[in-house]
Amino acid sequence: FNEEFYLQREHQKAGEEMWIWWRFIKKPERGGHYWAYALDVDFHVILLREVEVMHQGVKYKTNWGEPEIIMTARLIEDYQGLWRKNAFMAELHKIFIKRLFKKELESHRLVLYREIYRLQEAIKTYFKLKTFLPEPELQKWWPQQGIGDVE
8 FNEEFYLQRE HQKAGEEMWI WWRFIKKPER GGHYWAYALD VDFHVILLRE VEVMHQGVKY
68 KTNWGEPEII MTARLIEDYQ GLWRKNAFMA ELHKIFIKRL FKKELESHRL VLYREIYRLQ
128 EAIKTYFKLK TFLPEPELQK WWPQQGIGDV E
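Residue numbers (our numbering): 8 to 158.
#1: Considering only the beta carbon of each residue, do V52 and P74 sit closer than 7 Å?
#2: Quick check: the region 24-41 against the region 92-106, are there 3 or more CB pairs under 8 Å?
#3: Specify the secondary structure class of D134 as computed by DSSP and reduced to three states.
#4: Are A80 and L136 close, meaning C-beta to C-beta below 7 Å?
#5: Decide if G88 is buried, meaning its Cβ has at least 16 other Cβ atoms within 10 Å, or exposed.
#6: Identify every residue that forms a DSSP beta bridge with Y67.
#7: How would you call A43, buried or exposed, if buried means at least 16 neighbouring beta carbons within 10 angstroms?
#8: Note the first and the last residue of the continuous beta strand (DSSP E) segment covering E36.
#9: Using the three-state DSSP reduction, which class does Y86 fall into: helix, strand or coil?
#10: Would you tell me roughly how many angstroms separate the C-alpha atoms of R84 and Y41, rounded to the nearest one?
#11: Since N9 sits in a beta bridge, which residues does DSSP pair it with?
See below:
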């Protein structure tokens, strides 16, 4: 994966601060020569420091801090730049996007939107945070045998 930026600062009183930027580009299954999905993932951790915790009578060294994960998704049209290379084709490209590719553009936006929300749900499930759309295979909260007796 492409790690574009990594910064680690140390503060005497507050602990460490970290910035990590990851940049991904994915070509969709349909229309991969023209469309591309870009995902920017930024991690920001503040007040990071080593602490010792007791768990079931055993002392463990671990880290404590406040993480923040920021995800930004973009739909890139004309990924390879074939339309933009020619001046005549660049002008036609605007018309094609607004008129002929409009349904396909909306379809790709919807697919990207769904994929990003699934990624967000997976990250929240991993960190055991409250999620808006529970994934039954990851969160075993649904009864196995049915809903029980109904009166």
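Don't be surprised by glycine CBs; every beta carbon is placed ideally from N, CA and C.
So, from the data block:
#1: On the sequence shown, residue 52 is found 45 positions in, with the first residue counted as 1. On the sequence shown, residue 74 is found 67 positions in, with the first residue counted as 1. Yes, they are a contact pair.
#2: no
#3: To locate residue 134, count along the sequence shown from 1; it is residue 127. Reading the sequence as shown, one finds Phe at residue 134 and not Asp. Coil, per DSSP.
#4: As a first step, residue 80 must be located in the sequence shown, where it is residue number 73. As a first step, residue 136 must be located in the sequence shown, where it is residue number 129. Cβ atoms of A80 and L136: not closer than 7 Å.
#5: The residue labelled residue 88 in the question sits at position 81 within the sequence shown. Under this definition G88 is an exposed residue.
#6: Position 60 of the sequence shown, counted from the first residue, corresponds to residue 67. Y67 is bridged to V60.
#7: In the sequence shown, residue 43 corresponds to position 36, counting from 1. So A43 ends up on the buried side.
#8: Counting from one through the sequence shown, the residue named residue 36 turns up at place 29. From DSSP, E36 is part of no beta strand (DSSP E); its letter is neither H nor E.
#9: For the purposes of this step, residue 86 is identified with residue 79 of the sequence shown, where counting begins at 1. Residue state, collapsed to three classes: coil.
#10: In the sequence shown, the residue the question calls residue 84 occupies position 77. In the sequence shown, the residue the question calls residue 41 occupies position 34. In the sequence as displayed, the identity of residue 84 is Glu instead of Arg. Going by the C-alpha atoms only, they are around 6 Å apart.
#11: To locate residue 9, count along the sequence shown from 1; it is residue 2. In DSSP, N9 forms a bridge with R30.
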